[in-house]
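A.B. asks:
Number of protein chains: 2
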Amino acid sequence: MSVQLNPTEKTRLKRLPKRGHFDRHTIYPILDEAFICHVGFAIEGQPYVIPTGFARIDDDLYIHGSAASRMLRNLASGIDVCVTVTLIDGLVLARSAFHHSMNYRSVVILGKAELVTDFDDKNRALEAFTEHIIPGRWAEVRWPTELELKATSVLKLPIDEASAKIRTGGPIDDDEDYTMNVWAGVIPLSLHAAAPINDEKLTDGIRVPDYVSNHSQNRES
Amino acid sequence: MSVQLNPTEKTRLKRLPKRGHFDRHTIYPILDEAFICHVGFAIEGQPYVIPTGFARIDDDLYIHGSAASRMLRNLASGIDVCVTVTLIDGLVLARSAFHHSMNYRSVVILGKAELVTDFDDKNRALEAFTEHIIPGRWAEVRWPTELELKATSVLKLPIDEASAKIRTGGPIDDDEDYTMNVWAGVIPLSLHAAAPINDEKLTDGIRVPDYVSNHSQNRES
Numbered sequence: 000m001s002v003q004l005n006p007t008e009k010t011r012l013k014r015l016p017k018r019g020h021f022d023r024h025t026i027y028p029i030l031d032e033a034f035i036c037h038v039g040f041a042i043e044g045q046p047y048v049i050p051t052g053f054a055r056i057d058d059d060l061y062i063h064g065s066a067a068s069r070m071l072r073n074l075a076s077g078i079d080v081c082v083t084v085t086l087i088d089g090l091v092l093a094r095s096a097f098h099h100s101m102n103y104r105s106v107v108i109l110g111k112a113e114l115v116t117d118f119d120d121k122n123r124a125l126e127a128f129t130e131h132i133i134p135g136r137w138a139e140v141r142w143p144t145e146l147e148l149k150a151t152s153v154l155k156l157p158i159d160e161a162s163a164k165i166r167t168g169g170p171i172d173d174d175e176d177y178t179m180n181v182w183a184g185v186i187p188l189s190l191h192a193a194a195p196i197n198d199e200k201l202t203d204g205i206r207v208p209d210y211v212s213n214h215s216q217n218r219e220s
Numbered sequence: 000m001s002v003q004l005n006p007t008e009k010t011r012l013k014r015l016p017k018r019g020h021f022d023r024h025t026i027y028p029i030l031d032e033a034f035i036c037h038v039g040f041a042i043e044g045q046p047y048v049i050p051t052g053f054a055r056i057d058d059d060l061y062i063h064g065s066a067a068s069r070m071l072r073n074l075a076s077g078i079d080v081c082v083t084v085t086l087i088d089g090l091v092l093a094r095s096a097f098h099h100s101m102n103y104r105s106v107v108i109l110g111k112a113e114l115v116t117d118f119d120d121k122n123r124a125l126e127a128f129t130e131h132i133i134p135g136r137w138a139e140v141r142w143p144t145e146l147e148l149k150a151t152s153v154l155k156l157p158i159d160e161a162s163a164k165i166r167t168g169g170p171i172d173d174d175e176d177y178t179m180n181v182w183a184g185v186i187p188l189s190l191h192a193a194a195p196i197n198d199e200k201l202t203d204g205i206r207v208p209d210y211v212s213n214h215s216q217n218r219e220s
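These protein sequence lines are chains A and B, in that order.
Per numbering that gives the first Met the number 0, residue 0 is the first one in the first sequence, and the count goes up by one each step.
Per numbering that gives the first Met the number 0, residue 0 is the first one in the second sequence, and the count goes up by one each step.
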């Protein structure tokens, strides 16, 4: 599959086209840094947007949930889906209210999801979900049983019709506003990991593993 | 309008109903803490999910954008919309891969948006957007001109059919897994504001205002 995705009528940005990106080198790091996606689908014309965890394996995005999940049952029936991932990078404070903005990186993926039924493929997806949350975790946890795999629906969405949208940098004000006596700039935002909290039922003597303690440094790019 | 919202067939949680909340006291603080929402709508069956800024005034949620925005033009035509707001609070690391989870607070609002046309109402919405990004900002920036208000579309969505979903606390493992020699617990996550960055073109001698320096303490609840 080529690195460059072709913009379609649906993914091409109608406005501010310079913020649009269609290459996997731009899209994948955004997906890999985010913890959740927002899954959009419509049932009888009513749209729903549901936040959920996800993972990427190569050129596919995977989501999962209970086999009883209404959302997953609907998506598995082959309806159109839109998966959007957004990272907020900063608040952009301009001199005029009108030019306030945010720095962000977002990805929109359109397509149809398909149910993953093969147990090895499902297991591989669960490994990807676990490693997506925190790399290093899969090696030390108990792996899914056959019963757990049966109780889990895994859906695969090809990353084919997709685009990224990115805003970076400071505020852009109107020429005549630069003389105003008001502070302007950016407040950088990032998702911050605080010190891990032991489970109440943690067996005495089990220490926080390095991949957990180092998590915040690993994630923030 | 009552504080308690009636769950509808569409907002009632089908699974894990104990995570569902239908009162404004739960829903509004989640909306007010978040910087962006994800707006879902369908055009000819194709769902789209677009991240955007927003603000709440009383019992209405407002979004805005360029009058040329395709999304806003579609929404203004009175189609069904779903606005979802999600805050990620932590990674929940269980002893089994299957029970890994995330702590989060999310709100889903369903309804139809309507275009705000009155200039005073639009101006009030722009004030709310600015104050939503950072309280205190409106008082010192240049306010919108009539031309800017004309170039801006503002949409209002009543917060009527809405629900919140919340997960808190540590991992819940299967009984037999508690004896495993593996760390379990929560990595708390929160959106962190770093030191503000001056605009390159900032006039010499303008200092960062207190409401900006104190931003991170104000926001994190």
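Virtual Cβ for every residue (Gly too), placed ideally from N, Cα, C.
Taking only the alpha-carbon atoms, compute the straight-line gap between GLU139/A and VAL115/B and give it to the nearest angstrom.
C.D. replies: Roughly 55 Å between the two C-alpha positions.
A.B. asks: Around the C-beta of THR178/B, are 16 or more other C-beta atoms found within 10 angstroms, so that it is buried, or is it exposed?
C.D. replies: Exposed, because fewer than 16 other Cβ atoms sit within 10 Å of the Cβ of THR178/B.
A.B. asks: What residues of chain B sit near SER105/A, judged by a beta carbon separation below 8 Å?
C.D. replies: Within chain B, the residues near SER105/A are PRO50.
A.B. asks: Could you work out which residues of chain A lie near PHE53/B, taking near to mean beta carbons separated by less than 9 Å?
C.D. replies: Here the premise fails: no neighbours, minimum Cβ distance about 11 Å.
A.B. asks: Please go through the same chain and pick out, in chain order, the residues whose beta-carbon is closer than 8 Å to the beta-carbon of ILE133/A, but skip the five residues on each side of it.
C.D. replies: Contacts found: TYR210, VAL211, HIS214.
A.B. asks: Quick one: is LEU190/B near chain A, going by C-beta distance under 9 Å?
C.D. replies: Yes, because at least one Cβ of chain A sits closer than 9 Å to the Cβ of LEU190/B.
A.B. asks: Between the Cα of GLY142/B and those of LEU30/B, ASP79/B, GLY39/B, GLU126/B, spot the shortest distance and give me the residue it belongs to.
C.D. replies: For the sequence presented, residue 142/B should be read as Trp rather than Gly. When only C-alpha atoms are compared, the closest one is GLU126/B.
A.B. asks: Give me whichever residues DSSP pairs with TYR210/A in a beta bridge.
C.D. replies: According to DSSP, TYR210/A bridges with nothing at all.
A.B. asks: Does DSSP put ASP58/A in a helix, a strand or coil?
C.D. replies: DSSP places ASP58/A in coil when its eight states are reduced to three.
A.B. asks: Can you give me, in chain order, the residues of the stretch 57-68 of chain A that have a beta carbon less than 8 Å from any beta carbon in chain B?
C.D. replies: Of all residues in the stretch 57-68 of chain A, SER65, ALA67, SER68 have a Cβ within less than 8 Å of some Cβ in chain B.
A.B. asks: Counting only runs of 3+ residues fully inside the stretch 169-208 of chain A, write out the beta strand (DSSP E) ranges in chain order.
C.D. replies: Runs found: 184-192.
A.B. asks: Excluding five sequence neighbours on each side, which residues of the same chain lie with their C-beta closer than 7 Å to the C-beta of SER95/A?
C.D. replies: For SER95/A, where only same-chain residues beyond five positions count, the Cβ hits under 7 Å are ASP172, ASP173, ASP176.
A.B. asks: For a contact meaning CB atoms closer than 7 Å, what does GLY44/A contact in chain B?
C.D. replies: Result: ALA41, ASP79.
A.B. asks: Leaving aside the five residues before and after THR136/B along the sequence, list all residues of the same chain whose C-beta is less than 6 Å from its C-beta, in chain order.
C.D. replies: What sits at residue 136/B in the sequence shown is Arg, not Thr. Same-chain partners within the cutoff: THR129.
A.B. asks: Could you work out which residues of chain B lie near SER95/A, taking near to mean beta carbons separated by less than 9 Å?
C.D. replies: Those are VAL140, ARG141, TRP142, PRO143, THR144, GLU147, listed as they occur along chain B.
A.B. asks: Answer yes or no: do ILE62/A and CYS36/A have a C-beta to C-beta separation smaller than 9 Å?
C.D. replies: In contact: ILE62/A and CYS36/A (Cβ atoms closer than 9 Å).
A.B. asks: If you reduce the DSSP assignment to three classes, tell me which class ILE132/B lands in.
C.D. replies: Reduced to three states, the DSSP call for ILE132/B is helix.
A.B. asks: Looking at the secondary structure, which residues open and close the alpha helix (DSSP H) in which THR25/A lies?
C.D. replies: Start and end: 23-32.
A.B. asks: To which residues of the same chain is ASP198/A closer than 7 Å at the C-beta, ignoring the five residues directly before and after it?
C.D. replies: So the list is empty, once near-sequence residues are dropped.
A.B. asks: On the DSSP bridge list, what partners appear for ALA161/B?
C.D. replies: Per DSSP, ILE108/B.
A.B. asks: Rounding to the nearest angstrom, what Cα-Cα distance links SER152/A and ARG72/A in this structure?
C.D. replies: In a straight line, the C-alpha of SER152/A is about 8 Å away from that of ARG72/A.
A.B. asks: Could you tell me if ASN217/A is buried or exposed, where buried requires 16 or more neighbouring beta carbons within 10 angstroms of its beta carbon?
C.D. replies: Reliability of the predicted coordinates at ASN217/A is poor, the pLDDT of 48 falling under 50, and the value obtained from them is presented with this limitation in mind. So ASN217/A ends up on the exposed side.
A.B. asks: Leaving out the 5 sequence neighbours to the left and right, which residues in its chain are closer than 7 Å to THR7/A when beta-carbon positions are compared?
C.D. replies: If we look at THR7/A and ignore the five residues flanking it on each side, its Cβ neighbours are GLU160.
A.B. asks: Can you round the beta-carbon distance between PRO46/B and ASP79/A to whole angstroms, since I take them to be within the 8 Å contact cut?
C.D. replies: Right, the Cβ-Cβ distance comes to about 6 Å (below 8 Å), so this counts as a contact.
A.B. asks: How many angstroms separate the CA atom of ALA192/B from the CA atom of LEU86/A?
C.D. replies: Straight-line Cα distance between these residues: approximately 14 Å.
A.B. asks: Kindly list the residues whose CB is nearer than 6 Å to the CB of ALA66/B, restricted to its own chain and excluding five residues on each side of it in sequence; keep chain order.
C.D. replies: Counting only Cβ-Cβ distances below 6 Å, and skipping sequence neighbours, we find ALA150, SER152.
A.B. asks: Excluding the five sequence neighbours on either side, which residues of its own chain have a C-beta within less than 7 Å of the C-beta of GLU147/A, listed in chain order?
C.D. replies: No residues qualify anywhere along the chain.
A.B. asks: Nearest to LEU74/A by CA position, among HIS20/A, LYS111/A, LYS9/A, ILE158/A, is which residue?
C.D. replies: With distances taken between Cα atoms, LEU74/A lies closest to LYS111/A.
A.B. asks: So which of ARG206/B, SER76/B, GLY184/B has the shortest CA-CA distance to THR202/A?
C.D. replies: Measuring from the Cα of THR202/A, the nearest candidate turns out to be GLY184/B.
A.B. asks: How would you list, in chain order, the residues of chain A whose beta-carbon sits under 7 Å from the beta-carbon of ASN197/B?
C.D. replies: Chain A residues near ASN197/B: GLY184.
A.B. asks: If you follow the alpha helix (DSSP H) that ALA66/B is part of, which residue opens it and which one closes it?
C.D. replies: ALA66/B -> no alpha helix (DSSP H), and no H or E assigned at all.
A.B. asks: In terms of residue numbering, what span does the beta strand (DSSP E) encompassing GLU113/B cover?
C.D. replies: Taken as a continuous stretch (DSSP letters only), the beta strand (DSSP E) holding GLU113/B covers 113-115.
A.B. asks: Looking at chain A, is there any beta carbon in it that lies within less than 9 Å of the beta carbon of PRO134/B?
C.D. replies: Chain A contact via Cβ: absent.
A.B. asks: Under the three-state reduction of DSSP, which class applies to ARG141/A: helix, strand or coil?
C.D. replies: If DSSP states are grouped into helix, strand and coil, ARG141/A belongs with the strands.
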